[in-house]
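Peer 1:
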Amino acid sequence: MERVRKWIEDPGASSSLVWCGGPPGAGQSVTVQQIVDVYRASNRVAASFFFHKDERIEQGQALFATIAYQLANNIAPIRAPINRIVSANPSVLDEPLDAQFQSLIVQPFHNAGVLDLPSFIVVIDGLDE
1 MERVRKWIED PGASSSLVWC GGPPGAGQSV TVQQIVDVYR ASNRVAASFF
51 FHKDERIEQG QALFATIAYQ LANNIAPIRA PINRIVSANP SVLDEPLDAQ
101 FQSLIVQPFH NAGVLDLPSF IVVIDGLDE
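For the sequence shown, the UniProt record's numbering begins at 1 and goes up steadily by one.
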């Protein structure tokens, strides 16, 4: 957890992604949940998604829709762009994941034209199970 905390707190971090890997059952999900709890209290967590190994296929299709929903709730400048995209094309939620990522995550930030947002954390746990 300390390594991840240092990465989050370092404004000059060389990467915008940190991977917490390890063998199954080693406690990564517990660590990730602790990180979410700590940083949610300071409004730094914009979105989080936890895969459960018994439901991975069904959850996978909901990944970007869930993250977009949380981003819209937690980052005001992209709320309207996400709402416009979903209103204009409700079937975006049924598109392949790469198209959902572009439409629901990348495009809203691009459309909002916001360059001075504070750093936010998006957590996805269980991708490798």
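Idealized CB from N, CA, C, for every residue including glycine.
As the structure is a computational prediction, the values presented were derived from the model and not from experiment.
Might you give, ordered along the chain, the residues of its own chain that have their beta carbon closer than 8 Å to the beta carbon of S103, omitting 5 neighbours on each side?
Peer 2: As a first step, residue 103 must be located in the sequence shown, where it is residue number 103. Here the set comprises I85, N89, V92, E95.
Peer 1: Here's the rule: buried if 16 or more other CB atoms are within 10 angstroms of the residue's CB, otherwise exposed. What is A13?
Peer 2: One-based indexing of the sequence shown puts residue 13 at position 13. It is exposed - the Cβ of A13 has fewer than 16 other Cβ atoms within 10 Å.
Peer 1: Any chance you could list the beta strand (DSSP E) runs of at least 3 consecutive residues sitting entirely within the UniProt domain "Nephrocystin 3-like N-terminal" (3-129), in chain order?
Peer 2: With a minimum length of 3 residues, the continuous beta strand (DSSP E) runs that stay inside the UniProt domain "Nephrocystin 3-like N-terminal" (3-129) are 45-50, 121-125.
Peer 1: Beta carbon of C20, beta carbon of V30: below 8 Å?
Peer 2: The sequence position of residue 20 within the sequence shown is 20, counting from 1. The sequence position of residue 30 within the sequence shown is 30, counting from 1. It is not a contact, given that the beta carbons lie outside the stated cut-off.
Peer 1: For my contact list, F120 and I75 are in at a C-beta cut-off of 8 Å; report their separation, rounded to the angstrom.
Peer 2: Sequence index remark: in the sequence shown, residue 120 carries index 120 (1-based). Sequence index remark: in the sequence shown, residue 75 carries index 75 (1-based). With a Cβ gap of about 7 Å, F120 and I75 count as contacting.
Peer 1: Taking I35 and V123 to be in contact with their CB atoms under 8 Å, please state how far apart those CB atoms are, rounded to whole angstroms.
Peer 2: Position 35 of the sequence shown, counted from the first residue, corresponds to residue 35. Position 123 of the sequence shown, counted from the first residue, corresponds to residue 123. Rounded, the Cβ-Cβ distance is 7 Å, consistent with contact.
Peer 1: Name the residue from S15, K53, R5 whose alpha carbon lies nearest to the alpha carbon of Y39.
Peer 2: Along the sequence shown, read from residue 1 onward, the residue named residue 39 stands at position 39. Here the closest residue by C-alpha is R5.
Peer 1: Which term fits V106, buried or exposed, when burial requires 16 or more other beta carbons within 10 angstroms of its beta carbon?
Peer 2: Taking the sequence shown and counting its residues from 1, one reaches residue 106 at position 106. Exposed: under 16 other Cβ atoms inside 10 Å.
Peer 1: Which same chain residues end up closer than 7 Å to A80 when comparing Cβ atoms and leaving out the 5 residues on each side of it in sequence?
Peer 2: Position 80 of the sequence shown, counted from the start, is the residue given in the question as residue 80. Within the same chain, A80 has no close Cβ partners at all.
Peer 1: With a threshold of 8 Å on Cβ separation, who are the neighbours of A99 within its own chain once the five nearest residues in sequence on each side are excluded?
Peer 2: As a working note, residue 99 is residue 99 in the sequence shown. V92, listed in sequence order.
Peer 1: Pull up the distance between the alpha-carbon of F109 and that of G22, whole angstroms please.
Peer 2: Taking the sequence shown and counting its residues from 1, one reaches residue 109 at position 109. Taking the sequence shown and counting its residues from 1, one reaches residue 22 at position 22. Between F109 and G22, the C-alpha separation is close to 32 Å.
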